[in-house]
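Each residue of the sequence shown is one higher than the one before, starting from 1 at the first, in our numbering. Ideal Cβ placement from N, Cα and C applies to all residues, glycine included. Keep in mind it's a predicted model, so treat the numbers as computed, not measured.
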Amino acid sequence: MAKNKFNILNARITFKNIPVHKITNYSFKDISTASESFKKINGVSECIIIQTASRVEIFLVSKSEYFAVEKIKEVWTSLTELEQIDIDHWDQTLEVYMNTDVYHNLLRLASGIESVVVGKEEILDEIKNMSSSAKQAGNSGKILNKLFDSSIRIATDIRNST
């Protein structure tokens, strides 16, 4: 079996872990600037951020076998207005997924299964818009573009057939 020459990571804070009104504490004022900051983490080559009222999700690609979650936390906290209590509870609120789990979670998100209201259609448009913005800004690349394009296509097919 061939070993991946890259790793994909999804770090996220969602309504499932904290109250919806606290999500804004974890939100970025400028998503493009935040993406560029995450790409400065050693080994990270691509970044797409999905940010809505009920979630903030960061998708990263790295050639490194080891993702420094502490470095992600450091960048995230430097770009937001987190209170000390939020930082102290970081480990209980942050979900981290790797490789194939990232794809499964993105499919669930794009198809509306992970929405506050299951089946919410707006999330697919939000994913399309944020993926497109990341492409235009040069923050995503071949790997995340393929991952997102595939997820968007499959989620669209699911919505059209159900």
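Exposed or buried, which one is Lys16 when buried takes at least 16 other CB atoms within 10 Å?
Lys16 is exposed by the Cβ-count criterion.
Classify Glu83 as helix, strand or coil using the three-state DSSP reduction.
It is coil, neither helix nor strand.
Report the rounded CA-to-CA distance for Met1 versus His21, giving the unit in angstroms.
Unreliable positioning characterises Met1 in this predicted model, as indicated by a pLDDT of 46, which lies under 50. The coordinate reading is nonetheless provided below. So the two alpha carbons sit approximately 45 Å from each other.
Which term fits Thr52, buried or exposed, when burial requires 16 or more other beta carbons within 10 angstroms of its beta carbon?
The residue is buried, with at least 16 neighbouring Cβ atoms inside 10 Å.
Over the uninterrupted beta strand (DSSP E) stretch that includes Val20, give me the two end residues.
Run containing Val20: none; DSSP gives neither H nor E here.
Determine the closest residue to Lys163 out of Glu81, Ser62 and Leu144, with distance taken between C-alpha atoms.
Outside the displayed range of the chain (1 to 162) lies residue 163, so it cannot be described from this structure.
Locate the beta strand (DSSP E) running through Ser62, then write down its first and last residues.
Per DSSP, Ser62 belongs to the beta strand (DSSP E) from Arg55 to Ser62.
So if DSSP puts Tyr97 in a beta bridge, which residue, or which two residues, is it bridged to?
DSSP, once it has assigned bridges, lists Asn10 as partnering Tyr97.
What's the call for Asn129, buried or exposed, on a 16-neighbour Cβ count within 10 Å?
It is exposed - the Cβ of Asn129 has fewer than 16 other Cβ atoms within 10 Å.
If we call anything under 9 Å between Cβ atoms a contact, is Ile85 one with Leu124?
Against a cut-off of 9 Å, the Cβ pair of Leu124 and Ile85 comes out as no contact.
Using the C-alpha atoms, what's the distance from Thr162 back to Ser60?
In the sequence on display, residue 60 carries Leu and not Ser. If you take the alpha carbons of Leu60 and Thr162, they lie about 31 Å apart.
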